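In this note's numbering, the protein residues as written are 129 to 240.
Presented below is the structure to which this report refers.
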């Protein structure tokens, strides 16, 4: 009897920014993981992100389920970076300008 030994690499590619994307896409590990955490099946995740391959989603989820601490730390790091980027953008624009833009948007909706 022949025994099968097969190791399939996890289809994640690290970007220069440190982000992990599913190979061949711009879909992040955290995107796939968060949908799965919300109750989406792998098939539904592929429907949400048509550029993903079903086998890749299963492979990424298998990795995430086998390494929950590392994935949780990575997702938290990504959230923190997103929060910092949001703060940097908000700090770039003066509050007065933001208020004027918001008021202009409200006026525009009232004209419709």
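All C-beta atoms in this analysis are idealised placements derived from N, C-alpha and C, irrespective of residue type, glycine included.
All values reported here derive from a predicted model rather than from experimental measurement.
_Does the structure place the stretch 177-197 close enough to the stretch 157-164 that three or more beta carbon pairs sit under 8 Å?_
yes
_Assuming residue 149 is part of the beta strand (DSSP E), what are its boundary residues?_
148-150
*Determine, using beta carbons only, whether residue 203 and residue 158 come nearer to each other than 8 Å.*
Result yes, Cβ atoms of residue 203 and residue 158 sit closer than 8 Å.
*What does residue 156 pair with, by DSSP beta-bridge criteria?*
Partner(s): 149.
_On the criterion of 16 or more Cβ atoms from any shown chain inside 10 Å, does residue 187 qualify as buried, or is it exposed?_
buried
*Output yes or no for whether 8 Å exceeds the beta carbon distance between residue 155 and residue 131.*
No, these two residues do not count as a Cβ contact at 8 Å.
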